[in-house]
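If you read the sequences in order, they're chains A and B.
Note that this note's numbering gives residue 36 to position 36 of the first sequence, counting from 1, and the numbers run on in steps of one.
Note that this note's numbering gives residue 203 to position 203 of the second sequence, counting from 1, and the numbers run on in steps of one.
By construction, the Cβ of each residue, glycine as well, lies at the ideal position given by its N, Cα and C atoms.
Data first, discussion second: the structure below is written as structure tokens.
There are 2 protein chains.
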Amino acid sequence: MVQNGEFSIIERYFTHDAFGAWRSKGVGDDCAIIDMPAGRIAVTTDMMAIGTHFLPSARPEDVGYKALAVNLSDLAAAGAVPRAFFLSIALPARDDAWLSGFTKGLMELSLASGCPLLGGDTTRTATVGEAHAPVTISITAMGDLPSEMGLTRAGARPGDDIWVSGSIGGSYAALMHRWGKWTLPHELFPSAAHRMDRPEARNALGTALLSSASACADISDGLAQDLGHILERSQVAADVQWELVPVHPAVKALSRAMQLEAAMSGGDDYELVFTAPPEKRGLIEQASISALTPVTRIGRIIEKAPEPDAEQLRLHDERGELLLLPSTGFDHFA
Amino acid sequence: MVQNGEFSIIERYFTHDAFGAWRSKGVGDDCAIIDMPAGRIAVTTDMMAIGTHFLPSARPEDVGYKALAVNLSDLAAAGAVPRAFFLSIALPARDDAWLSGFTKGLMELSLASGCPLLGGDTTRTATVGEAHAPVTISITAMGDLPSEMGLTRAGARPGDDIWVSGSIGGSYAALMHRWGKWTLPHELFPSAAHRMDRPEARNALGTALLSSASACADISDGLAQDLGHILERSQVAADVQWELVPVHPAVKALSRAMQLEAAMSGGDDYELVFTAPPEKRGLIEQASISALTPVTRIGRIIEKAPEPDAEQLRLHDERGELLLLPSTGFDHFA
């Protein structure tokens, strides 16, 4: 935990004057000490590096904001209310301007989500030859769940509807545009870029779905892979209608191959994909309204195909033709 | 959280068949979901990189063991019982042999301390030119505290005794030996190296001290700096008797200048430094016996010196002469 002066810029923002439901009694100590209500909590951890998860040109404000957002998104997928987070950061050099921007973006979302920073650690990044590796960030976020509740990937049943929040593919399309591989329409690029730089974790929706969804995941690695996790953990298969998938408007302007790539395997959307029995449609729509978050029904859970190599996610076009999924999933070591 | 196959070696050890008091209901999900007793918890997070916190030649078993030990040591400083930890790890390449060794050492301590791995994330390290940065690890550990209790750095009062557990300086001396700067006696090097490679977190002692110690910190950055944190947070000063400081036997064979450097500013000891009123000496000795951990009284807390630049930590030799402290503290950016 915090031991050196290195962390002073971020330490200033530690919640001496705490906001939020969980307070730390150990600011500046080896541990944060928190009084907890009895009950269930959700915990997630994510590690991110500049150059791997962020473009080297990313604004520090956006890096700070998004580093927390992707963790809040994991809490959203469990239906948890964010309560506290812990930050470890490795920096290649002391760079107060960068750290100040990073902290600004981080604290903007921390305050907006009622999720205070209760502890952390800072260090210098490892060296490669004479050079220090770029900034590496690890965040652990914690949230509250009502007792006995919590969404997992394991509860989908044949007959359930498959739903997606918001729109998908925008973040990946913005990345392709920035890499010079694709060209998004000039007037639509900013909204796609905003999806990439400032993703919105769907915590209000996740919480509202606690009593209606049967399974849930956030879309970080692409709809195909993240829905695939639900299928695998629930031991089911899925029929998805491509024309129902809520593709981001900037992506709609591209070829169908590009749309498929962005929406199905692009990732970095931080929308929720979830399942629920058809009799819950009214509850789902209420949840969508109360959370101010659009949701779209894109298909149905079916029985798992018995063949061991069968593709459990089947994507159809409007004529019922099976579409070939773009290579799914993202493996950092591939 | 865990989303890719990358993590499969570690994921195997996730606690499907959980041991320990806290169980996760969300293995393989976006979050770990844990039912908690009402009460107080302690949380700490630490980030470590090969080449910065570990020698490039460190055995993966030792890296895994120590990465968890330093976090358990933070919990010990708060007096908390370890209950769960979360691991983020960035790897330069898929290296099953390394990861298998790392996991072996990590799980050895996890099982021994009753502190299960309940979640994690894996990714690839950032690149510098064509090369990937070395392994970077972030662990967040959580522990239980009785309600209303928990040790911090803030409670030391003038008149309190200053205590240290175990012996100090061994780890730093082993590092100097490995770097070829110092030469430790042949027969004493293994015990110093063991302190460096397999530090023992003092959780049993920390817990036993909950009702007697007034302030506590673990010695990660050297006695001078970590006791200094207590002095600063408690707004007091300290008189420490050098001849009472329990220097590791391998360090005793070195010159006094080397001994001072190893014991006062070396760090990486993971012993506890704590304070308590003299009337608690009996309780402290009972705690030491029940925790099977030796403790040594090394000095006394005094009133803070009023001069703004005064050295608040005063180290005396047996004749009462003030000793010059070696340059204290460790700043990764210095």
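Q) Which residues in the same chain have their Cβ closer than 6 Å to the Cβ of G20(B), if we skip the five residues on either side of it in sequence? A) When the five nearest sequence neighbours on each side are left out, the beta carbons in the same chain lying within less than 6 Å of the beta carbon of G20(B) are those of G114 and P116, in order along the chain.
Q.
Any beta carbon from chain B within less than 9 Å of A49(A)'s own beta carbon?
A. For A49(A), at least one C-beta of chain B is nearer than 9 Å to its own C-beta.
Q) Using the C-alpha atoms, what's the distance from W22(B) back to K104(B)? A) Roughly 21 Å between the two C-alpha positions.
(Q) Tell me which residues share the same chain as F102(A) and place their Cβ nearer than 6 Å to its Cβ, disregarding the 5 neighbours each side in the sequence. (A) Within the same chain, Cβ atoms closer than 6 Å to the Cβ of F102(A) are found at P60, V63 and G64, the five residues on either side in sequence being excluded.
Q) Should L205(A) and L272(A) be called a contact, given that it needs their Cβ atoms to be closer than 9 Å? A) When the beta-carbon positions are compared, L205(A) and L272(A) come within less than 9 Å of each other.
Q | Inter-residue Cα distance where the pair is L184(B) and V245(B) | A | Approximately 19 Å between the Cα atoms of the pair.
Q: Mind the definition here: the region 212–222 of chain B touches the region 260–271 of chain B only if three or more C-beta pairs lie below 8 Å; say whether that holds.
A: Contact between the region 212–222 of chain B and the region 260–271 of chain B is present: 3 or more CB-CB pairs across the two stretches fall below 8 Å.
Q: Could you say which of L322(A), M142(A), G150(A) and A263(A) lies nearest to L175(A) if we only look at CA atoms?
A: Ranking the options by Cα distance to L175(A), first place goes to A263(A).
Q.
Could you compute how far the alpha carbon of H16(A) sits from the alpha carbon of S290(A)?
A. The predicted position of H16(A) is uncertain, since its pLDDT is 48 and thus under 50; a value taken from the coordinates is nonetheless stated next. Approximately 33 Å, taken between the alpha carbons.
Q. Start and end of the alpha helix (DSSP H) containing G105(A)?
A. Per DSSP, the continuous alpha helix (DSSP H) segment holding G105(A) begins and ends at D96 to A112.
Q: Note down, in chain order, each residue of its chain lying with its Cβ closer than 6 Å to the Cβ of I137(B), except the 5 sequence neighbours on either side.
A: Around I137(B), the same chain offers M48, A67 and I89 as residues with beta carbons nearer than 6 Å, after the five sequence neighbours per side are excluded.
Q: Could you name the residues of the same chain whose beta carbon sits closer than 6 Å to that of F143(A), not counting the 5 residues immediately before and after it, in chain order?
A: Correcting the residue identity first, residue 143(A) is Gly in this sequence and not Phe. Answer for G143(A): A42, L75, A80, V81, P82 and R83, listed in chain order.
(Q) Using CA atoms only, rank isn't needed, just tell me which of L283(A), D317(A) and E232(A) is closest to D309(A). (A) With respect to the C-alpha of D309(A), the residue from L283(A), D317(A) and E232(A) having the closest C-alpha is E232(A).
Q.
With H, G and I counted as helix, E and B as strand and the rest as coil, what does DSSP make of L75(B)?
A. In the structure shown, the three-state DSSP call for L75(B) is helix.
Q) Among residues of its own chain, excluding the 5 on either side of G5(B), which ones have a beta-carbon nearer than 8 Å to its beta-carbon? A) For G5(B), the predicted model reports a pLDDT of 46, less than 50, meaning its position is unreliable and no value from the coordinates is stated.
Q: Check the DSSP bridge columns for H316(B) and list the partner residues they point to.
A: DSSP lists Q241(B) and L322(B) as the bridge partner or partners of H316(B).
Q: Anything in chain B within Cβ reach of G266(A), meaning under 9 Å, just list it in chain order.
A: Residues of chain B with a Cβ closer than 9 Å to the Cβ of G266(A) do not exist, since the nearest Cβ in that chain sits about 15 Å away.
Q: Could you work out which residues of chain A lie near M107(B), taking near to mean beta carbons separated by less than 8 Å?
A: The contacting residues do not exist; M107(B) stays about 18 Å from chain A at best.
Q) Got a sec? Which residues, its chain only, sit under 6 Å from Q259(B) by beta carbon, not counting five neighbours each side? A) These residues qualify, in order along the chain: V247 and V251.
**Q.** Minimum Cβ-Cβ distance from I301(B) to chain A less than 9 Å
**A.** Not one chain A Cβ lies under 9 Å of I301(B).
Q: Name, going along the chain, the residues of the region 219–238 of chain B whose beta-carbon falls closer than 8 Å to a beta-carbon of chain A.
A: Result list: S220, D221, Q225, D226, H229 and R233.
Q.
What does DSSP give as the partner residue(s) for C216(A) in the beta ladder?
A. For C216(A), which the question treats as bridged, DSSP gives the partners F274(A).
**Q.** Chain-order list of residues whose beta-carbon lies under 8 Å from that of P277(B) (same chain, five-residue window excluded)
**A.** Cβ within range, chain order: R157, G159, D160, D161 and S214.
Q.
On a Cα-Cα basis, can you pick out the residue from S165(A), R202(A) and I302(A) that is closest to D239(A)?
A. When C-alpha distances from D239(A) are compared across S165(A), R202(A) and I302(A), the shortest belongs to I302(A).
Q: Could you check what DSSP says for M47(A) in three-state terms: helix, strand or coil?
A: In the displayed model, M47(A) falls within a strand according to three-state DSSP.
Q: Could you tell me which residues DSSP pairs with D161(A) in its beta bridges?
A: When DSSP reads this structure, D161(A) sits in a beta bridge with A276(A) and R300(A).
Q | Beta-carbon neighbours of T127(B), restricted to chain A and to distances below 7 Å | A | When 7 Å is used as the limit between beta carbons, T127(B) is near these residues of chain A: G51, in chain order.
Q.
At the level of alpha carbons, what is the spacing between H177(B) and R319(B)?
A. Taking the straight line from one Cα to the other gives about 31 Å.
Q | Within 9 Å, strictly: CB atoms of D30(B) and A77(A) | A | Yes, the Cβ-Cβ distance between D30(B) and A77(A) is below 9 Å.
Q: Using 10 angstroms around the beta-carbon of L324(B), count the other beta-carbons present and answer buried if the total reaches 16, otherwise exposed.
A: When all chains shown are included, L324(B) counts as exposed.
Q) Where do the ends of the beta strand (DSSP E) carrying G143(B) lie? A) T136 to L145 is the extent of the beta strand (DSSP E) around G143(B).
Q | Three-state secondary structure assigned by DSSP to T183(B) | A | Looking at T183(B) - three-state DSSP - the assignment turns out to be coil, as it is neither helix nor strand.
Q) Is it the case that the Cβ atoms of L87(B) and D121(B) are separated by a distance below 9 Å? A) Contact flag set, yes.
Q.
For a contact defined as C-beta to C-beta under 7 Å, what are the partners of P146(A) on chain B?
A. When 7 Å is used as the limit between beta carbons, P146(A) is near no residue of chain B, the shortest such separation being about 11 Å.
(Q) Please classify H132(A) as buried or exposed, where buried requires at least 16 neighbouring CB atoms within 10 angstroms. (A) The residue in question, H132(A), is buried, as its Cβ has 16 or more Cβ neighbours within 10 Å.
Q: Ignore the nearest five residues each way along the sequence and tell me which others in P199(A)'s own chain have a CB closer than 8 Å to its CB.
A: For P199(A), the CB contacts under 8 Å within the same chain, skipping 5 residues up- and downstream, are K66, A69, V70, S73, S171, D268, D269 and Y270 in chain order.
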